[in-house]
Structure formats: C-alpha cells, structure tokens
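Position 909 of the sequence shown, counting from 1, maps to 909 under the UniProt record's numbering, and the rest follow consecutively.
Yeah, the Cβ is synthetic: ideal placement off N, Cα and C, and Gly gets one too.
It should be emphasised that the depicted structure is a prediction, and the values quoted were computed from it without experimental measurement.
For reference, the structure is listed below as structure tokens.
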Amino acid sequence: MAQGLKIRVEDGCDLTDPCDSNICPENSHCSDDWSTHTCVCDPGYFGKECVDACHLNPCEHVSTCVRKPSSSHGYTCECGQNYYGQYCENKVEKPCPQGWWGSPVCGPCNCDTNRGFHKDCNKTSGECRCKENHYRPEGEDTCYPCECFSIGSESRTCDPITGQCPCKGGVIGRQCNRCDHPFAEVTPTGCEVVYDSCPKAFDAGIWWPKTKFGRPAAMNCPKGSIGTAIRHCNNEKGWLLPELFNCTTVTFSHLKKLNEDLRRNNSRMDSERSKTIVRLLHSATNNTQHYYGNDVKTAAQLLNQVLQYESRQAGFDLTAMKDAEFNENLVRAGSSILDPDNKEHWEQIQRTEGGTAHLLRNFEDYANTLAQNVRKTYLKPFTIVTENMILTVDYLDVSDPERATLPRFQDIQEAYPKELGSSVHFPQFNLRTHAHKAEPTPAPPPTQTDPPHEEEHTASDRRRRHLEPAAPLPVAVVIVYKSLGKLLPERYDPDRRSLRLPNRPVINTAIVSATIHSEGPPLPPILDPPITLEYTLLETEERTKPVCVFWNHSIAIGGTGGWSSKGCEVLMDISKREHGDVLPLKIVTYTTVSVSLFLLLLTFILLCLLRRLRSNLHAIHRNLVAALFFSELVFLVGINQTDNPFVCTVIAILLHYFYMCTFAWMFVEGLHIYRMLTELRNINHGHMRFYYAMGWGIPAIITGLAVGLDPQGYGNPDFCWLSVHDTLIWSFAGPIFVVVLVNIVIFILAAKASCGRRQKAMEKSGAIPALRMAFLLLLLISATWMLGLMAVNSDVMTFHYLFAVFSCLQGVFIFFFHVIFNKEVRKNLKNVFTGKKSLPDESSTTRASLLTRSLNCNNTYTEDGALYRSGIGESTVSLDSTLRSAKSRSSFLAYTLREESGQKPSVSSGTAKGHTDLDGPLFHRNGTKGDDSDSDSELSVDEHSSSYASSHSSDSEDDDIDVKPKWNNEEAAHSQHA
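Put into structure tokens, the structure is as follows:
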C-alpha cells in the first residue's frame with residue numbers, strides 16, 4: 001500500500017463510529033458496517049427487539065424450551081418421552097417385533113404361513129402380505145409360489161396377482177415351462193423341437209423326462225404326495241395326460257396303511273378302531289384341498305368298512321353312543337369325497353368296484369340301524385349339515401304337518417346349500433297301524449260320499465286313543481345327497497316297460513334316502529296317503545319330462561344296481577325348446593296337418609264315389625290316399641300320448657304300420673305304371689290281389705316281426721314313435737330306404753320306356769303324367785317322413801315347422817293332381833254335378849262285345865318297323881247297330897302303329913259300309929275271361945298269320961255294348977281315353 005499511487009487520499013483520515021449514536025436493544029450488540037450499523041441479537045433471541053425465543057414457544061407437543069447459549073440457536077427443546085427433534089416435532093416409533101403389529105400396544109399378525117403368507121405384516125394396519133416370490137389371485141385367501149422355471153423365465157419373481165412369470169422368447173405358460181409345439185422342449189435359448197421322442201415337459205407338478213415314442217415314463221408323484229405317476233408318450237399326439245390315480249396325499253398315507261391292514265384282516269375292526277378311522281378321515285379330508293384317485297378310493301373303502309361294521313351293532317354297542325362326534329365326522333368325511341370335483345376318480349373306481357352305489361347302500365343300512373336304536377339308546381334327535389350331505393334323525397309327529405316333514409329346515413341355524421333343499425313329507429300312517437294289524441287286508445280309505453262310515457271310523461279312532469295308550473312316535477332318518485346323482489354310474493333297469501327313459505337323461509335333483517322305524521305294528525305295505533317328496537331342481541332351464549326313479553340295488557347290472565322307475569329321484573331331459581315356442585308350433589302343426597287330412601279325405605271320398613273310375617291305377621291311388629290319411633291322423637292324435645305307456649306303444653305300432661303301407665303303395669304305383677308302359681296287354685283292369693298283398697300285407701308282416709322282436713322299443717317318454725337312437729328304427733327305415741331306391745330305379749326304367757315310338761300315345765293314355773306325379777309324390781312323402789322323424793327326435797324347431805308345411809303340401813298335391821288336374825276325374829265330376837249320364841268308358845263298351853279282326857296276309861311294314869296294310873277285312877258280331885265312340889284296345893293299338901308309321905290307312909268299301917268280308921283269310925279267336933291277378937284283358941299278336949284277336953273285360957256294371965271300330969282318323973281321335 002505504501003508504494004501505491006495515491007489519488008486524492010490523505011493520511012490519517014478518521015470516521016465517526018456509527019454505534020456511538022445508536023443504541024441497540026437489550027440482549028443484542030451493535031455491529032459497525034462502515035458508515036452504518038446493525039443490531040445483532042444474542043443467541044437465543046430473535047426479532048427487532050431481540051425477544052427471547054422461549055417466549056415464542058417454538059417447541060411442539062408440550063415440550064420445554066430452555067435457553068442454551070452454547071447451542072447454535074441459543075435454546076433447546078426438551079422433548080417428552082415419545083417425541084424427538086429440534087422442536088420435538090417427531091414422534092418416537094417403537095417397532096413391534098416380527099410377527100406383531102400395532103402402537104402403542106402390539107398384537108399378533110395372525111398370518112397363516114401355511115397359505116403362503118409372510119409371518120410379518122404391516123405394522124400399522126396388520127395386513128398380511130405374501131412371501132417373497134409368491135402371488136395372490138384376486139378374491140383368494142392363499143398365496144401361491146411363483147415357481148418360475150429358471151431356464152424359461154427371465155427372473156424368479158412373478159406378477160403379484162396373476163402369477164405370470166416373465167418368459168423368454170417362444171416360451172409359454174405361467175411358469176414359463178412349456179412350448180406351444182407338442183414336440184418342443186424348453187432350452188436356455190428358447191423352444192427346440194425334438195423329433196425322435198416326447199420332449200422334456202412339466203405337467204401336473206412333475207418334470208417328465210424325454211421319452212421315446214410308445215413308451216411310458218414313471219416318476220414320483222407331485223410334491224406333497226407319495227406313489228408313482230405314469231405318463232405315456234404317443235408318436236402322434238405326443239405326451240398324453242398324466243395318470244396320477246395311484247398317488248396318495250401325505251395326509252392319507254397313514255389311512256392307506258390302515259386300510260390295507262383291515263382288508264387283509266377284517267376281523268380287526270372294533271368300536272375303538274371305528275372311532276379312530278372316522279376321526280382320521282375327517283382330519284384328512286378337512287386338511288386336503290385336492291384329492292388324488294387313491295385318496296378317494298382309500299376313504300371310500302374305509303367308510304364302507306366302518307358303515308358295515310356299525311350296521312351290525314345294536315344298542316349301546318354303537319360307536320355313536322361312545323363318541324358324540326362320531327356321526328358328524330362320518331357324514332363330513334362322506335360329504336368330502338362325494339364332491340362333484342371327484343367325479344373322474346369315481347368313474348375310474350367304479351370300473352372295478354361298487355363305488356358310490358356301495359357307499360349309498362351302506363349309508364342306508366346304517367340309517368336303518370340308527371332308526372331302530374334311537375329309542376333304545378335315548379339318542380337325541382339331531383341334524384348334520386355339510387356341503388354335499390344332510391343327515392337328520394328325528395321323531396315323527398304326523399299329527400302336526402310341520403313336524404311330519406324332514407329335514408326341518410326352519411330349525412336349522414347354520415347355512416346350507418340351496419340344492420339340499422329337498423324334503424320328505426310323511427303321512428298320518430301311525431294312526432292306522434293298529435287297525436292294519438287287526439285286519440290283514442287294509443280297508444280302502446273313506447270317501448266324501450259316505451259320511452256315516454267316516455264318522456263311525458273317526459269315533460272308533462277316538463275311542464281307541466282313549467282306551468289304549470298312544471303308540472310311540474316312529475323314528476325317521478333322512479339323508480339328502482346333493483351331488484351323488486352325478487357320481488352314480490349311468491345304469492338303468494333293462495326292462496324298458498318299467499323305465500321309459502328320455503333320450504338324454506339328466507339327474508336334476510338331490511337324492512333322498514328315507515328310513516322309518518316304528519315300535520308298534522308294522523306299517524302297511526301301501527301307505528294311504530303316500531309319502532310325498534319335494535325336490536329343489538338343480539337346473540331350472542332347458543329341462544322337460546320328469547321321470548320318477550329310484551336306485552334299485554337288486555338289479556343285476558354291474559353288481560351295483562341301477563335306476564328303476566319306482567321311486568323319488570327325478571330324471572329330466574335336456575331340451576332347447578322354450579315355453580314360448582310350444583304354442584305357436586302346436587297351432588301351426590295342427591292347422592297344416594288338419595288341412596292335409598281334410599284334402600286327403602275329400603280325395604278318397606271322390607275316388608270312391610265316382611263309379612266310372614274303376615281302373616287299377618285309380619284303385620292304387622285310393623289305397624295310397626287311405627294309408628297316408630291314417631298315418632297323418634295317427635301322428636296328429638297320438639304322437640304326444642306319452643302319459644299312458646300302453647296307448648303310446650299302440651300309437652307307435654300304428655305309425656310304423658301305416659307309414660310302411662304308404663311307401664308300399666308308392667312302390668305298387670311305380671310298378672304298375674312301369675308295367676303299363678312296357679307290357680302290350682291291358683293291365684289296368686282286373687283283380688289286384690297281388691297289389692293288396694304288397695300294399696297292406698307286407699307292411700303288416702314287417703311290423704309284426706318288429707313288435708315280436710322288440711315290443712319295448714315302441715314309444716318313449718318323449719314321443720310315441722321309434723327313436724333314432726334305438727336299433728329298432730332300422731325295421732322302419734330299412735324297408736323304406738329300399739322302397740325309395742327301388743322306386744327310383746323303376747321310375748328311371750319307366751321314363752326310358754316312355755321315350756319310345758309310343759310316347760304320344762302313352763301321353764294321351766295318362767301313363768306318363770301318372771309317372772311324373774308318382775315320382776314327385778315319392779320325393780314329397782320321403783321328405784315329409786324324414787322331417788317328421790327328425791322333428792320328434794331333435795330339438796331343432798325348424799324341423800317341426802318344415803314337417804308341418806310338407807304335411808300340408810302332401811294333401812294339396814294329391815288333391816290337385818289326382819282330382820283337379822286329372823281329366824278323367826274332372827270329366828266324371830262335371831257329369832255328376834250337371835246330372836248328365838256318363839258315356840260308357842273303354843272297359844264298359846268292350847265287356848259285351850266280341851271283335852274279330854282279320855289282317856291281310858300280305859301285310860307290309862315300314863322301314864322303321866311300323867305296321868300298315870292296303871286292305872283290311874273286318875268281321876263284327878254286335879248287339880247294337882249304333883256305332884259308339886268307344887273301341888277295343890286292339891283297334892286302338894293298330895291305329896297307333898299306323899299313325900306312327902306315317903302311312904294313311906286304306907279302308908275297303910265293305911268295311912266302310914259295315915259289311916263282313918268273308919273272302920279274305922280270317923283268323924278268328926273268341927274272347928274268354930281269364931283269372932289274371934293283374935288284368936283280365938289280353939292282347940295277342942301272331943307274327944306268322946299277322947292276325948290280331950282281342951277281348952276285353954271290365955269291372956263296369958253297365959249294360960253290354962257292341963262296338964264297330966273305325967280305322968279312320970276321326971274315329972281314332974274320338975276314342976282316345978286317358
């Protein structure tokens with residue numbers, strides 16, 4: 001500084017001290033800031049006035065402020081016992097020990113470590129948390145280990161809710177232990193396909209090693225169980241499902257050994273061992289969440305042995321008299337193994353053993369033993385409610401309706417599943433036991449129409465009650481099984497007369513077992529009024545046609561019995577038909593089928609009343625219409641008459657017969673038309689014995705054989721017809737298929753025959769139109785029959801409506817084509833309605849005529865084989881000189897041949913005048929009436945003499961008429977007949 005440059009600076013310059021004139025407040029000191037000053041408070045004092053900090057109360061939670069100049073703030077807060085900090089603002093947290101929570105008092109966490117929870121919990125709320133590498137699904141009270149597969153997952157942790165482990169690329173599964181390809185295995189690099197064997201895979205808690213095709217792999221059972229599990233390797237499907245039936249849970253291991261010892265020596269069973277077994281069974285089933293097959297098998301065998309032993313005891317020898325919890329342990333153990341989740345195990349057990357049927361019977365025997373010993377042992381009534389069973393033992397006071405119903409759900413305090421809400425209502429049978437004992441044959445109950453007898457009977461009962469001591473109340477034991485119906489084997493009484501099963505029987509209620517014991521006289525064999533059982537349906541939708549059945553242990557089916565038709569269990573049919581669809585369907589069906597029946601009846605009446613329609617073809621039509629009419633009538637009236645089995649069987653047999661007759665007459669019609677087109681003689685008149693045998697006789701034989709072979713196959717609880725699920729259907733469908741196929745072949749051959757030179761003539765004669773109508777009618781009737789069969793055997797509503805429509809079309813088709821569009825029928829109807837007498841038809845005009853034609857020997861033929869000649873000599877013997885428009889079929893055929901040849905016939909003068917030419921060669925043959933089953937008319941052609949002779953007979957009852965044929969075009973056109 002001394003060497004520095006001084007610019008306007010003087011040595012010895014002094015300034016006045018600013019603190020001399022300004023006095024700072026108490027507990028502070030003045031600080032010189034060059035030309036000004038500031039007051040600085042002493043430590044522990046604050047503000048302009050340097051107020052003591054303790055006077056401002058900076059300490060919290062009722063702590064004490066103490067001045068302390070040595071401290072940074074000049075004061076300290078002396079905190080209480082539970083606070084700390086500069087201002088005592090922090091509360092001292094005293095952590096509870098592990099497994100405890102709360103403050104200031106600690107309580108236990110109560111976290112179940114067996115369910116995967118950590119033993120420690122939240123110190124504030126006490127909420128349990130899962131162990132490390134565990135997850136807990138929503139809504140569950142158990143934590144499950146992640147068990148992420150180290151090779152396929154990225155880490156050991158998983159999602160805390162879903163449990164999904166983080167998988168490597170290409171690896172799937174919650175634990176990242178599977179590949180989407182059945183022949184691929186998980187490797188550190190991802191999934192790789194194995195070609196010569198089944199890959200290493202994880203399933204059912206077991207790692208299955210790589211195994212060659214066609215070989216099994218045997219591994220130890222999953223963790224927590226003992227035994228050997230087996231899995232087969234298939235060369236097409238890969239790994240099959242693991243077989244874990246022989247695995248035994250650790251909790252059942254001791255019971256398994258105990259069961260093996262008892263099975264080797266059954267005499268070791270006693271009351272003490274029985275009590276021990278039941279207690280162990282209850283403990284094992286209560287502590288096991290998932291059962292293996294061997295667990296269920298072991299528990300069932302032990303329960304059967306205990307029940308069989310207890311059923312042989314009496315009085316105070318019953319274990320239930322020595323152990324108050326015996327019955328409850330017994331029922332709870334049985335309820336656990338009868339859970340529906342064990343259905344797969346029961347199915348496998350019942351392949352070799354009695355299974356649930358034996359368990360049911362043993363429970364019934366034990367219930368009977370209890371009922372007999374309740375009064376002897378002074379056992380108090382009780383009710384045991386479990387998830388799948390209810391057992392109730394009580395006295396019956398049938399005079400009080402509420403006390404005569406078991407179980408008494410109004411008295412049950414604990415919750416029970418609604419599916420167990422079935423009950424038994426017992427009648428007042430105990431008031432009549434003495435009368436029954438005195439009279440071996442019970443008298444019928446009094447009716448309302450006989451009051452004096454009723455009063456006398458009531459008075460007699462009143463005197464008996466006064467004079468004799470009241471009979472002890474009977475004891476009833478009722479067991480309700482919620483899910484046993486799903487576990488029992490599907491076996492039914494082979495006598496289908498006593499059990500008419502639906503197509504798809506489903507057990508839709510609980511199973512109820514009831515036992516009654518009375519100390520007095522035995523109960524009558526038939527109770528009046530009967531015992532009434534009320535059931536709660538397990539499913540209320542898509543169920544129809546209930547059938548009452550009971551499990552009959554004496555039926556020799558598999559040694560365990562089966563369902564029989566007498567009893568209280570309900571079988572119901574699955575159906576997709578809703579109630580709203582039934583009424584419209586009935587209206588449509590009854591309306592359309594009624595219309596068809598009316599038209600068929602009208603057609604039949606018209607064909608019968610028109611006496612001129614006497615040809616065989618019309619007779620076939622009449623029989624066909626009759627068969628179809630009766631088949632539709634029986635179907636409409638009786639298809640749903642299932643309430644009476646006998647009536648239902650008769651309806652089914654009649655349906656079988658009439659439908660067979662319908663198709664038989666369709667076959668006869670096709671055969672007859674084919675003969676009309678192929679045979680030269682007239683086969684449209686004469687006897688029809690062969691046709692009647694085919695149309696009515698053959699169906700009767702087939703139906704009779706079917707009824708004799710399987711009469712029980714006719715009708716079922718659903719409908720009164722044959723079921724497509726029964727082999728008897730082939731006695732119906734088989735012949736019909738054959739008839740349809742044969743008819744199709746006949747129609748093809750007939751159509752081919754109608755395409756020849758005579759097509760025009762056949763078209764005019766009506767054979768070809770009849771062929772077309774017969775073919776269309778065959779298709780229509782076949783389609784209707786198929787739809788009807790599918791409608792009653794199926795739940796598809798479309799089949800029902802289509803059947804109704806096609807049934808109506810049958811009547812409309814037959815009426816229009818056999819009546820309205822038929823020229824011959826229409827002509828006769830017109831004559832009937834107008835009162836005009838019909839002209840004799842072809843058959844009537846030829847019955848009394850004998851026509852002989854002589855053809856010239858020098859006949860010639862056209863190039864295409866048609867016949868023509870230059871001169872014709874005719875000789876006619878006639879009873880009438882008037883020429884009618886009718887002619888014999890031989891003259892018609894001769895004209896047809898000439899017409900087809902394209903040559904104009906020449907007529908001699910003698911023929912034109914009606915004279916007889918006796919100079920030409922004459923080949924004369926008298927007509928005789930033959931006994932042909934198809935027709936009495938014959939057409940013969942002699943190729944050597946080129947002569948024709950013809951005679952006709954007819955069913956007409958008109959007078960005989962002699963006709964002179966004319967060989968010109970006008971006469972031919974006049975005499976054509978359909």
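(Q) Which residue marks the beginning of the beta strand (DSSP E) containing W207, and which one marks its end? (A) Within the sequence shown, numbered from 1, the residue matching residue 207 stands at position 207. Looking at the DSSP string, the run of the beta strand (DSSP E) that includes W207 is 206 to 208.
Indicate the three-state DSSP secondary structure (helix, strand or coil) for E93 in the structure shown.
Working through the sequence shown from its first residue, we reach residue 93 at position 93. Coil.
Exercise. Provide the residue span of the beta strand (DSSP E) that contains F833, from first to last.
Key: Position 833 of the sequence shown, counting from 1, holds the residue named residue 833. Element bounds for F833: not the beta strand (DSSP E) but the alpha helix (DSSP H), 823 to 834.
Original post:
Cα-Cα, which of N287, I698, I729 is closest to L709?
Top reply: As a position in the sequence shown, residue 709 is number 709, starting the count at 1. When only C-alpha atoms are compared, the closest one is I729.
Margin query: Going by the DSSP bridge assignment, what does G190 pair with across the sheet?
Written below: Working through the sequence shown from its first residue, we reach residue 190 at position 190. According to DSSP, G190 bridges with T187.
task: Pair every Cβ in the stretch 390 to 397 with every Cβ in the stretch 338 to 349, then say whether three or more of these pairs are closer than 8 angstroms.
output: no
TODO: May I have the straight-line CA-CA distance separating H61 from Y84, to the nearest angstrom?
DONE: Looking up residue 61 in the sequence shown gives position 61. Looking up residue 84 in the sequence shown gives position 84. Distance between the alpha carbons of H61 and Y84 is about 10 angstroms.
Check: Name the DSSP bridge partner or partners of M389?
Finding: Here the question's residue 389 lines up with position 389 in the sequence shown. DSSP, once it has assigned bridges, lists Y481 as partnering M389.
(message) According to DSSP, simplified to helix, strand and coil, what is H37?
(response) Locating residue 37 in the sequence shown gives position 37, counting from the first residue. Reduced to three states, the DSSP call for H37 is strand.
Subject >> the stretch 679 to 690 / the stretch 655 to 665 touching (three or more Cβ pairs under 8 angstroms) >> reply: no
| query | Applying the criterion that 16 or more other CB atoms from any shown protein chain within 10 Å of the CB defines a buried residue, is L244 buried or exposed? | reply | As a working mapping, residue 244 is identified with position 244 in the sequence shown. Result: buried.
According to the Cβ coordinates, are L654 and V625 closer than 9 angstroms?
The count along the sequence shown starts at 1 and reaches residue 654 at position 654. The count along the sequence shown starts at 1 and reaches residue 625 at position 625. Cβ distance not < 9 angstroms, so L654 and V625 don't count as in contact.
On the DSSP bridge list, what partners appear for V475? Position 475 of the sequence shown holds residue 475. In the DSSP output, where bridge partners are listed per residue, V475 has Y395, H517.
**Prompt:** So, helix, strand or coil for T124, using DSSP?
**Reply:** The residue given as residue 124 occupies position 124 in the sequence shown. T124 falls in the coil class under three-state DSSP.
Out of E138, N110, P160, C106, which one is the CA nearest neighbour of residue 979? This structure leaves residue 979 out entirely; the chain is present only between 1 and 978.
- Message: Just to confirm my understanding: we take P381, look at its own chain, exclude 5 residues before and 5 after, and list those with CB closer than 6 angstroms. What are they?
- Response: The residue you call residue 381 lines up with position 381 of the sequence shown. The answer, listed in chain order, is V393, D394.
- [ ] For D323, count neighbouring Cβ atoms within 10 angstroms of its own Cβ and tell me buried if that reaches 16, exposed if not.
- [x] The count along the sequence shown starts at 1 and reaches residue 323 at position 323. Classification for D323: buried.
**N-terminal and C-terminal residue of the alpha helix (DSSP H) that A700 is part of** = One-based indexing of the sequence shown puts residue 700 at position 700. Counting along the chain, the alpha helix (DSSP H) containing A700 begins and ends at 698 to 709.
Of the residues F363, Q348, A299, the one placed nearest N327, counting alpha carbons only:
Position 327 of the sequence shown, counted from the first residue, corresponds to residue 327. N327 has its Cα closest to that of F363, out of F363, Q348, A299.
| By a C-beta neighbour count over all protein chains shown, 10 Å radius and 16 as the cutoff for buried, is L338 buried or exposed? | Mapped onto the sequence shown, residue 338 falls at position 338. When all chains shown are included, L338 counts as buried.
- Inter-residue CB distance, A371 and A476 (contact presumed, cutoff 8 angstroms): As a working mapping, residue 371 is identified with position 371 in the sequence shown. As a working mapping, residue 476 is identified with position 476 in the sequence shown. At roughly 7 angstroms, the Cβ-Cβ gap stays under 8 angstroms, so A371 and A476 are in contact.
- prompt: Looking at the structure shown, is I785 part of a helix, part of a strand, or coil, going by DSSP?
  reply: For the purposes of this step, residue 785 is taken as the residue at position 785 of the sequence shown. For the record, residue 785 in the displayed sequence is Trp; it is not Ile. DSSP places W785 in helix when its eight states are reduced to three.
Task: Exposed unless 16 or more other CB atoms sit within 10 angstroms - verdict on Y590 - done: To locate residue 590, count along the sequence shown from 1; it is residue 590. Y590 comes out exposed.
- prompt: Going by DSSP, what residues sit across from M790 in a beta bridge?
  reply: Position 790 of the sequence shown, counted from the start, is the residue given in the question as residue 790. In DSSP, M790 forms no bridge with anything.
Query raised in the report: The alpha helix (DSSP H) with M660 in it runs from where to where?
Result: Your numbering for residue 660 matches position 660 in the sequence shown. It spans 645 to 678 - the alpha helix (DSSP H) in which M660 sits, taken as one unbroken run.
Segment contact flag, the stretch 692 to 703 with the stretch 628 to 638, C-beta cutoff 8 angstroms, min 3 pairs: no
Query raised in the report: Hey, quick one: how far does the alpha helix (DSSP H) through D295 stretch, first residue to last?
Result: Here residue 295 refers to the residue found at position 295 of the sequence shown. Start and end: 293 to 311.
Next on the checklist: Please tell me whether, using a cut-off of 8 angstroms, the distance from the CB of M790 to the nearest non-hydrogen atom of the ligand GDP is below it.
Outcome noted: Looking for the ligand GDP in the displayed structure turns up nothing, as the structure carries no ligands at all.
**Asked** Among the residues of its own chain, which have a CB less than 7 angstroms from the CB of P108, if the five just before and after it don't count?
**Response** Taking the first residue of the sequence shown as 1, we reach residue 108 at position 108. Around P108: G99, W100.
For this session: Might you give, ordered along the chain, the residues of its own chain that have their beta carbon closer than 6 angstroms to the beta carbon of A791, omitting 5 neighbours on each side?
Result: Within the sequence shown, residue 791 is the residue found at index 791, counting from 1. F799, H800, F803.
- Task: Would you mind reading off the limits of the beta strand (DSSP E) that contains A217?
- Result: The count along the sequence shown starts at 1 and reaches residue 217 at position 217. Note, A217: beta strand (DSSP E), 216 to 220.
Around the C-beta of P137, are 16 or more other C-beta atoms found within 10 angstroms, so that it is buried, or is it exposed?
Here the question's residue 137 lines up with position 137 in the sequence shown. It counts as exposed.
Taking the alpha-carbon of R555 as reference, which of H55, V819, Y45, P494 has the nearest alpha-carbon?
Taking the first residue of the sequence shown as position 1, residue 555 is located at position 555. According to the sequence as given, residue 555 is Ile; it is not Arg. Ranking the options by Cα distance to I555, first place goes to P494.
- Quick one: what does DSSP say A619 is sitting in, helix, strand or coil? Within the sequence shown, residue 619 is the residue found at index 619, counting from 1. Here A619 sits in helix by DSSP.
* Asked: Does the distance from the C-beta atom of P69 to that of G44 stay below 9 angstroms?
  -> On the sequence shown, position 69 is the one that residue 69 refers to. On the sequence shown, position 44 is the one that residue 44 refers to. In this structure, G44 lies closer than 9 angstroms to P69 by Cβ.
ask   = Hey, how far is the Cα of S933 from the Cα of A770?
value = Position 933 of the sequence shown, counted from the first residue, corresponds to residue 933. Position 770 of the sequence shown, counted from the first residue, corresponds to residue 770. Legend: pLDDT at S933 = 38, less than 50; position of this residue unreliable, value from coordinates given subsequently. Rounded to whole angstroms, S933 to A770 spans 22 angstroms at the Cα level.
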